[in-house]
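For what it's worth, the numbering used here labels the leading residue of the sequence shown as -11, then goes sequentially.
Ideal placement from N, C-alpha and C gives every residue a C-beta, glycine not left out.
In this text the structure is predicted, and so the values were computed from the model without any measurement.
Single-structure report; data block below.
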Amino acid sequence: MATERAHWPEPVPDRLQRLWLTLLVIAGALPLLPRLDWRIGAFASALFALRLLALRWHGVQPGRWLLVLLTLAGIANCLHVYGSLSGRQGGAALFLTMLTLKLLELHARRDLQIAAILLGFLVVVQFLFDQSLGLALYLALVLGAMLALLADLNGATGAGRFRPALTTTMRLALQALPLTLVLFLLFPRLSAPLWDLGLDAEQARTGFSDTMEPGAVSELVVNGELAFRVRFEATPPPPEQRYWRGLVLWQTDGRRWTVGEPPRTGPASLALAAAADRLDYEVVLEPTDRRWLFALDLPVAAEGVVLAPDHLLRASRAVESALRYRVRSALDARTPAPSAALRDYALRLPAATITPRMRALVASWRGEGADDQTVVRRALAHFNREAFHYTLLPPPLGPNPVDAFLFETQRGFCEHYASSFATLMRLAGIPSRVVLGYLGSEPNAIGGYHMVWQSDAHAWVEVLLPGRGWVRVDPTAAVDPSRIDNQTASRLLGAGNPVRFELTQDAWLARLARGARQFTDSIDAAWQQWVLDFSAEDQLGLLQRLGLGGLGEYGLAVLMVATFSLTLGAVLLGLARAPRDADPLGARHARFCRRLARIGLAPRPGEGPQDHGRRVIAARPDLAAPVSRFLALYLPARFGPAPDPRAVARLDALLRGFRPRRRC
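Structure representation (structure tokens):
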């Protein structure tokens, strides 16, 4: 006779558990959606809405064949948007699409468990795009709520289960914390992130372009993001000397300035005729997706990066994550005379954009045989004397922007002045070039470093003067301060350099906002330094301070395994020696009796729970409801043939609200 195997039905999750998981997936996906194409976000949002509607009206739940069609549509959407299902963005889009589709088939408890575990992977995916402290804390809350849901799904809680589930999660987190610290400090560090596979190069981040034309720098001026942090080893230079050199633009077509292809002059171009006031400092640059770096004008040495001709810094690859490098700059430096070919290259001008009134203006400066230095001084005086205005909202310029700015609009920001000044200098026979970078910095007294913001973006000019080499000239700073328009977009920016002027807000409000920004940035800087930038060198330094600097790679691995084993053993020993509730139901009944004893209704010797309850109800009819509910849970769980595994948690929930008081 064939023996029929018994198949126990799969536990069915309740509506609250489905809603719990759906809201968690939505919360986990929110930081990722802005980093993906809007079509991916629209598809995921539609699936989220369908899941929420199905929780309210079961008839909306899609059937098997509709799920198949939605799956194919989701895959096709990812392929159409990114052209691939791999890489950082393509893979993240596919994973998010599949997870949202999984929410539409939550039929059994196992489905919820699988979806909750996949949510953990979604949390990890977020760090491929952003590793900030704020995101880490937010995702830690999502992960904790997900672990609480898993605890509830595995029967660790009862009817009023949110608090017990969170208690279980906190207990697990505290047990895992020492193990996490051991692995973080002793696990061999890698020289590059695990996910840096070179599959995604299309995502651009805030940073300079390699060209300059009206509108390019203004987009950064109104950008409130952080550009980089600087920690000086000695006294910082005064604000008027904090010019952060980034790019040198040599070539112009009359409207746009580009890097061009200046003649190569060899390593000798890095030599300096004189250098003084040397200053050492460390820079932590935010991701730019570009290779160029920034340093105080003029860098003379650098560690970990390349010091290129024109005294520019370059990284070995695009900066896709925060980069830390050290620089030495000479604040008072004199460059040697360039080659004749480079000098001629710095004089090139498009003849079609040079107008007669531009030539007449330059000729007036050259009057009476003035030398180059006098021409530069007269040009700066012209910008100060004439009706030039500094504004972030300049009027549009025509096909010849330099001529229109000089003689018609006379309203613009740093790149208008830099482009016009460099053009006029070349027209006067003075080699010139445009430099892009940042001007100024904001000291952070809390963190002990300086912050340079994208709103500090600036453009200035370098002119070649006999006997002095390349000399920095900032025509924007020559504008009469009374003609600075700080009542428009610039009034929303912070202060800190001579190009931006005093805010009109109340002093206390400005101090409060500045203090809050410095405090939050100091926390971000500490997170960057001690967590994200904890490198192999930092690990070696820690071991040396502990007297273990002689350990090699294998020794470090052995130390990690040994320390991890000892820590795990200590945690397990603590759990083993923790007091256990041998009779959880009896403990709840004892607590119930103690609270009744406080009002003079303790159980009598030999009195059973049911008789005791009847006596309490007879003496205190106002307690009939909570006493009856307690006994209705306790008696079947204690004496019934099939006790409810959630009875203990339900009794805890009831006892939390059971606080009887004596009658007056």
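Annotation: the continuous alpha helix (DSSP H) that includes Asn372 extends over Asp360 to Arg373. Between Leu273 and Ile342, the gap from beta carbon to beta carbon reaches 8 angstroms or more. Nearest neighbour of Gly425 by Cα position, chosen from Trp515, Arg312, Arg230 and Leu123, turns out to be Arg230. With respect to the 8 angstroms criterion, Trp448 and Leu121 are not classified as neighbours on the basis of their beta carbons.
At a Cβ-Cβ threshold of 8 angstroms, Arg233 and Phe282 count as neighbours. A buried status is given to Ser429, since no fewer than 16 other beta-carbon atoms sit within 10 Å of its beta-carbon. Under the DSSP assignment, Leu237 falls outside any alpha helix (DSSP H), being part of the beta strand (DSSP E) whose first and last residues are Tyr231 to Leu237. Taken through DSSP and simplified to helix, strand or coil, His446 comes out as strand.
C-alpha of Glu213 to C-alpha of Arg159: approximately 38 angstroms in a straight line.
Runs of the alpha helix (DSSP H) spanning 4 or more residues and lying entirely within the stretch 17 to 48 occur at 26 to 44, in chain order.
Ser317 counts as buried, since no fewer than 16 other beta carbons sit within 10 angstroms of its beta carbon. Just so you know, the alpha carbons of Gln5 and Leu141 end up roughly 8 angstroms apart. In this structure, the CA atom of Trp45 is about 18 angstroms from the CA atom of Ser33.
Apart from sequence neighbours up to five positions away, the residues of its chain that approach Asp25 with a beta-carbon distance below 6 angstroms are Val69, ordered along the chain. Straight-line spacing of the CA atoms in Ala325 and Leu125 works out to 54 angstroms. Taking a contact as a CB-CB distance under 8 angstroms, the pair Val247 and Asp198 counts as one, their CB atoms being some 5 angstroms apart. Per DSSP, Phe220 is one residue of the beta strand (DSSP E) stretching across Leu214 to Phe220. For Thr10, the number of other beta carbons within 10 angstroms of its own is at least 16, and it is reported as buried.
Membership of Ser317 in the beta strand (DSSP E) is indicated by the continuous run Leu311 to Arg322.
With a cut-off of 8 angstroms on Cβ pairs, the stretch 71 to 84 is not in contact with the stretch 39 to 53, counting fewer than three such pairs. Taking each of Leu137, Asp320, Val307 and Gln114 in turn and checking the Cα distance to Val288, the smallest one comes out for Asp320. Arg266 and Ser327 have their alpha carbons spaced roughly 26 angstroms apart.
Secondary structure at Ser408: helix, using DSSP grouped into helix, strand and coil. Leu385 carries a coil assignment under DSSP once its states are collapsed to helix, strand and coil. With a contact defined as Cβ atoms closer than 8 angstroms, Tyr269 and Arg219 qualify at about 6 angstroms. The secondary-structure analysis by DSSP pairs Tyr269 across a beta bridge with Phe220 and Val315. For the set Ala161, Phe117, Arg421 and Phe172, the Cα lying nearest the Cα of Asp277 is the one of Phe117. Ser74 sits in coil when the DSSP states are folded into three classes, being neither helix nor strand. One thing to note: Arg27 has its Cβ within 8 angstroms of the Cβ of Asn65. With contact defined as three or more Cβ pairs closer than 8 angstroms, the stretch 615 to 630 and the stretch 554 to 564 are not in contact.
Setting aside the 5 residues that flank it on each side, Pro648 is surrounded in the same chain by Arg583, Leu584, Ile587 and Leu611, each with a C-beta closer than 7 angstroms to its C-beta; the list follows chain order. In the structure shown, the three-state DSSP call for Ala290 is strand.
A residue is called buried once 16 or more other Cβ atoms fall within 10 Å of its Cβ, and Asp241, having fewer, is exposed.
By the neighbour-count definition (other C-beta atoms within 10 Å, threshold 16), Phe172 is an exposed residue. Sequence-distant partners of Leu60 (beyond 5 residues in either direction) whose C-beta falls short of 7 angstroms from its own C-beta are missing from its chain. Within the model, the alpha-carbon separation for Ala334 versus Ala466 is close to 23 angstroms.
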